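Line by line, the protein sequences are chains A and B.
All letters in the first sequence, in the order written, are residues 1 to 328 by our numbering.
All letters in the second sequence, in the order written, are residues 1001 to 1282 by our numbering.
Yeah, the Cβ is synthetic: ideal placement off N, Cα and C, and Gly gets one too.
Please read all numbers here as calculations on a predicted model, not as lab measurements.
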Amino acid sequence: MSLARWAEPAVPEGAGSVGGAQGADAGRESPAIHTTDLRKHYRGTTALAGLSMTVRRGEVFGFLGPNGAGKTTAVKLLLGLVRPSGGEAMVLGAPAGDRETRRQIGYLPELFRFPGWLSAREVLFLHCRLLGLARETHPAAVGEALETVGLAPRAGDKVGTFSKGMQQRLGLGVALLGAPALVILDEPTSALDPVGRHDVRRVVLDLRRRGATVFLNTHLLEEAQQICDRVTVIDRGRAVATGTLAELLGGVASVRLRVSGLARTWWAGLTGFGTFSAAGEWVVAEGIAPGAVPDLVAAIVARGGRVEAVVPEHRTLEERFLELLAAP
Amino acid sequence: MSPTLVIARLTVREAVRRRLVAAFGVITVLLAALSAWGFDRLSHARNVTSGEVHVAIPQSLIVFMFMFSFVVALSASAMASPSVSTEIESGILLAVLTRPVRRSEVLLGKWLGLAGVLLAYSVVVSALEVGIVDLVSGFVPPDPVGAALYLFGEGAILLSVTVLLSTRLSAIATGVVAVALFGAAWLAGVVGSLGTLFKIGTLRSVGEVARFLLPTDGLWHGAIYALEPRSFVAQRLSQSSAAAGNPFFATAPLAWPYLVFVGAWFVLVMAAALYSFERREL
């Protein structure tokens, strides 16, 4: 099924057409998430050392960092599960943890379990009730969630019989109930096989299509590179870089060239473009300024060279990530 | 449906699904059958006078109910000790508490569900025992409803303490502490009875203080009085003041001020549990 059907806002019980999203309504123009110098200390240990970031509405935002960087602590602060030691966090225009705003948030925790004695369908019905959705909408909402995460054939089975991957799918289904404006996914694909990962990416892209904001906490860089509009890299409790992937990766990292008709070290007079090194028949030029590749090619031709091949090589997010983490 | 009732219903359903109710049923039927056999033997014993039977039947009923009060109290502890801590550790509560519900609603819902199971058990087991005794011997205690409610009260008190502990301690630590507290309170009651028997003020004070610190033994004495024939109480007291030293004998009903205190104690413990859970970082 398509998540487009989820775009119709679910009506909370007794809340009229406004629903329970007072916080969200109040801050319709506000960012989905905005933190300023958000800090968290645990008895002498600093989990978050002043996180400042803004997540815009409607984007898929990657929250990247190595293990122990403070990602899950940040997520728990955003959801009000822990109290900040300092700083400020606003979610959908309301202070983090605001009860009514939670109606608009779907959350898939990193480590979680549902009661093993409930069936998948019962878990979803339970969360419909906890969300305060109108009773008549429960069967449709549950059916759609089961279809979306591919659990419809196992809907009546006890959660206790589910594999970790199936529990992860169910957790995702629970997070999607109630057409949330913000979905926070904490390592959503950690227990999934390739098919499951593909399904999660599909769900995330469907959410973006219907205008929801997705906050994706992950250490899987390939995943972030595939689906995120912007990312923040966090290390030791602090954001070390934020931007679109293009901004973060900084354009072309190096160019591989195959040139004939010139001396063996033809690049001697072109070091202003970058650093050159020979690699068999190829020459690798590194540190080329953004947009300077055509100028480099023109300079080689002006010297009488024949440019037989130009292969721009982009940095991977992993390379950039490691650079950022290595920075002092 | 309010979140409190949603959680309460879930808790009751868990008790049924995880065969807690079935276990209660099997144990109760077995113990009730055993007591029926015992009461029948006692009622028809050849070498016992009818006067002795009239004394022995209520005393035996009290001892049997004492056993059931243990079952109620220990069940309260066993059911409630994993109710918060284990669900935090396993991540079950993470998904629930990020919904638009108050933590107090979740905690009260759990308490309400478990208390409902205990109340049902207390009423059923009291009705069963009183019915058996009536059938076998014709004796009906003066206040069986009161006895059932005091039995439930004992369980509810221990349930509240266990819920409070569970907001901070692991399930196993909570269970051990709660059971130890219950045992200590009962033992302090026995020590107090001995103090009364031997007229030792210090020991009597231990029992009195314990009744206020953890009112389970105090409520148990309310249940005893509700099960004793009034004539039996008057007779024992007229015979000897030492009767008051019997831990399975109550000389008077629970005073209203004490019941008011128990109510206040309960409110205080639940308020502490709610505050503790509200402040708990997940």
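I'd like to confirm something about residue i: is its beta-carbon nearer than 6 angstroms to some heavy atom of the ligand MN, or not?
i         : result
B/Arg1280 : Absence of the ligand MN is noted for the structure shown, with no ligands found whatsoever.
Classify residue i: buried if its beta carbon has 16 or more other beta carbons within 10 angstroms, exposed otherwise.
i         : result
B/Pro1215 : buried
A/Ile184  : buried
A/Gly20   : Note that A/Gly20 has pLDDT 36, beneath the 50 cutoff, so the model's placement of it is unreliable and the number below is only indicative. Its Cβ being crowded by 16 or more others within 10 Å, A/Gly20 is buried.
B/Met1001 : exposed
A/Lys164  : exposed
B/Trp1256 : exposed
A/Asn217  : buried
B/Pro1003 : buried
A/Arg306  : exposed
B/Leu1151 : buried
B/Ala1073 : buried
B/Thr1049 : exposed
B/Gly1263 : exposed
B/Ser1205 : exposed
A/Ile329  : In the structure displayed, chain A extends from 1 to 328; residue 329 of chain A sits before or after that span and is not available.
A/Tyr42   : exposed
A/Gly23   : Here the model assigns A/Gly23 a pLDDT of 42, short of 50, so the residue's position is not dependable, and the following value carries that caveat. Buried: at least 16 other Cβ atoms inside 10 Å.
B/Ser1081 : buried
A/Gly27   : Confidence in A/Gly27 is poor, its pLDDT being 46 and thus under 50, which makes the residue's placement unreliable; the coordinate value appears in the next sentence. Buried, by the Cβ-count rule.
A/His34   : buried
A/Asp193  : exposed
A/Arg113  : buried
A/Glu223  : buried
A/Arg5    : The predicted model places A/Arg5 with a pLDDT of 34, which falls under 50 and marks its position as unreliable; any figure quoted below should be read in that light. By the 10 Å Cβ count, A/Arg5 comes out exposed.
A/Gly132  : buried
Look up residue i in the DSSP assignment and give the residues it is bridged to.
i         : result
A/Ala120  : Answer is none; A/Ala120 lacks a bridge partner.
A/Arg210  : BP columns for A/Arg210 are empty, so no partner.
A/Glu88   : A/Thr36
A/Tyr107  : A/Ile184
A/Phe61   : A/Phe215, A/Arg230
A/Val293  : None, per the DSSP bridge assignment.
A/Arg154  : Looking at the DSSP assignment, A/Arg154 forms no beta bridge with any residue, so it has no partner.
A/Glu313  : A/Ser254
A/Tyr42   : A/Thr45
B/Thr1162 : Answer is none; B/Thr1162 lacks a bridge partner.
A/Val301  : Answer is none; A/Val301 lacks a bridge partner.
A/Ala239  : A/Ile234
A/Pro95   : A/Met90
A/Met53   : A/Thr35
A/Arg306  : A/Ser260
Between the segment 1029-1047 of chain B and the segment 1105-1121 of chain B, do three or more beta carbon pairs fall short of 8 angstroms? The segment 1029-1047 of chain B vs the segment 1105-1121 of chain B: no contact.
- Which whole runs of the alpha helix (DSSP H) in the segment 1167-1255 of chain B are 4 residues long or more, in chain order? Here the runs fully enclosed are 1171-1197, 1201-1213, 1216-1227, 1230-1239.
- [ ] Name, going along the chain, the residues of the segment 122-136 of chain A whose beta-carbon falls closer than 8 angstroms to a beta-carbon of chain B.
- [x] Taking 8 angstroms as the Cβ-Cβ cut-off against chain B, the residues of the segment 122-136 of chain A that qualify are Leu126, His127, Arg129, Leu130, Leu131, Gly132.
Please list, in chain order, the residues of the segment 1093-1108 of chain B that have any C-beta partner in chain A closer than 8 angstroms. From the segment 1093-1108 of chain B, only Leu1094, Ala1095, Val1096, Leu1097, Thr1098, Arg1099, Pro1100, Val1101, Arg1102 have a Cβ closer than 8 angstroms to chain A.
Open item on the list: If contact is defined by three or more beta carbon pairs under 8 angstroms, each pair taking one atom from either stretch, is the segment 1080-1094 of chain B in contact with the segment 1191-1209 of chain B?
Closed with: With the cut-off at 8 angstroms, the segment 1191-1209 of chain B and the segment 1080-1094 of chain B do not touch.
Sufficient close CB pairs (3 or more, under 8 angstroms) joining the segment 150-169 of chain A to the segment 77-89 of chain A: Not touching, per the Cβ criterion.
### Query
If you pair each beta-carbon of the segment 192-201 of chain A with each one of the segment 121-139 of chain A, do three or more pairs fall below 8 angstroms?
No: fewer than three Cβ pairs fall under 8 angstroms.
task = State whether the segment 1245-1264 of chain B contacts the segment 50-69 of chain A, with contact taken as three or more CB pairs (one from each stretch) at a distance under 8 angstroms.
result = The segment 1245-1264 of chain B vs the segment 50-69 of chain A: no contact.
- Pull out every residue of the segment 152-185 of chain A whose Cβ sits closer than 8 angstroms to any Cβ of chain B, in chain order. Flagged, chain order: Gly171, Val174.
Report yes or no: do three or more beta-carbon pairs, one from the segment 254-265 of chain A and one from the segment 306-316 of chain A, lie closer than 8 angstroms?
Contact between the segment 254-265 of chain A and the segment 306-316 of chain A is present, because at least three Cβ pairs lie under 8 angstroms.
Problem - Inter-stretch contact at 8 angstroms, needing at least 3 Cβ pairs: the segment 231-251 of chain A / the segment 58-77 of chain A - result: With contact defined as three or more Cβ pairs closer than 8 angstroms, the segment 231-251 of chain A and the segment 58-77 of chain A are in contact.
- Message: For the segment 1011-1034 of chain B, list every residue whose C-beta sits within 9 angstroms of some C-beta in chain A, in sequence order.
- Response: Of all residues in the segment 1011-1034 of chain B, the ones placed with a Cβ closer than 9 angstroms to any Cβ belonging to chain A are Arg1013, Glu1014, Arg1017, Arg1018, in chain order.
- request: May I have a chain-ordered list of the alpha helix (DSSP H) segments no shorter than 4 residues that lie completely inside the segment 1040-1105 of chain B?
  value: Fully enclosed alpha helix (DSSP H) runs of 4 or longer: 1050-1080, 1085-1090, 1092-1097.
_Three or more C-beta pairs under 8 angstroms: does that hold for the segment 95-107 of chain A against the segment 76-83 of chain A?_
Contact between the segment 95-107 of chain A and the segment 76-83 of chain A is present: three or more C-beta pairs spanning the two stretches fall below 8 angstroms.
query = Quick one, which residues of the segment 1200-1234 of chain B are near chain A if we go by CB-CB under 8 angstroms, in chain order?
reply = Here the close residues number zero.
Do the segment 262-273 of chain A and the segment 315-327 of chain A make contact, defined as three or more Cβ pairs closer than 8 angstroms?
In short, these stretches do not touch, since the Cβ pair count stays below three.
**OP:** Residues of the segment 75-91 of chain A with a CB closer than 9 angstroms to any CB of chain B: list them in chain order, please.
**Re:** Flagged, chain order: Lys76, Leu79, Gly80, Leu81, Val82, Arg83.
Ignoring anything shorter than 3 residues or poking outside the segment 249-287 of chain A, list the beta strand (DSSP E) runs there in chain order.
With a minimum length of 3 residues, the continuous beta strand (DSSP E) runs that stay inside the segment 249-287 of chain A are 252-260, 275-279, 282-286.
Members of the segment 1121-1150 of chain B that neighbour chain A once the beta carbon cut-off is set at 7 angstroms | Within the segment 1121-1150 of chain B, no residue qualifies.
- Mind the definition here: the segment 1107-1119 of chain B touches the segment 1218-1236 of chain B only if three or more C-beta pairs lie below 8 angstroms; say whether that holds. Per the Cβ contact rule, the segment 1107-1119 of chain B is not in contact with the segment 1218-1236 of chain B (fewer than 3 Cβ pairs under 8 angstroms).
Decide if the segment 124-136 of chain A is in contact with the segment 1090-1102 of chain B; the criterion is three or more beta carbon pairs, one per stretch, under 8 angstroms apart.
Contact between the segment 124-136 of chain A and the segment 1090-1102 of chain B is present, because at least three Cβ pairs lie under 8 angstroms.
Would you check if the segment 1055-1067 of chain B and the segment 1134-1144 of chain B touch, i.e. whether three or more CB-CB distances between them fall below 8 angstroms?
Contact holds: three or more Cβ-Cβ distances are below 8 angstroms.
Q) Three or more beta-carbon pairs under 8 angstroms between the segment 1061-1077 of chain B and the segment 1021-1034 of chain B, yes or no? A) Yes, they touch.
Chain-ordered residues of the segment 289-311 of chain A with a beta carbon less than 7 angstroms from chain B
Those would be none; no residue qualifies.
Name, going along the chain, the residues of the segment 28-47 of chain A whose beta-carbon falls closer than 8 angstroms to a beta-carbon of chain B. Of all residues in the segment 28-47 of chain A, none is placed with a Cβ closer than 8 angstroms to any Cβ belonging to chain B.
Per the contact definition of three or more C-beta pairs closer than 8 angstroms, is the segment 200-212 of chain A in contact with the segment 168-188 of chain A? Three or more pairs of CB atoms, one per stretch, sit closer than 8 angstroms, so the segment 168-188 of chain A contacts the segment 200-212 of chain A.
At a Cβ cut of 9 angstroms, what residues of the segment 198-231 of chain A count as close to chain B, listed as they run along the chain?
Contact residues of the segment 198-231 of chain A toward chain B are absent (C-beta to C-beta distance below 9 angstroms).
task = For the segment 1064-1094 of chain B, enumerate the residues whose C-beta is nearer than 7 angstroms to any C-beta of chain A, in chain order.
result = Going along the segment 1064-1094 of chain B in chain order, one finds Ser1090, Gly1091, Ile1092, Leu1094 with a Cβ nearer than 7 angstroms to chain A.
- Should the segment 275-289 of chain A be regarded as contacting the segment 214-229 of chain A, the criterion being three or more beta carbon pairs within less than 8 angstroms? Cβ pair count under 8 angstroms is below three, so no.
Identify every run of the beta strand (DSSP E) within the segment 160-205 of chain A, keeping only runs that are complete inside it and at least 3 residues long; order them along the chain. Annotation: the segment 160-205 of chain A contains the following complete segments of the beta strand (DSSP E) (minimum length 3 residues), in chain order: 182-186.
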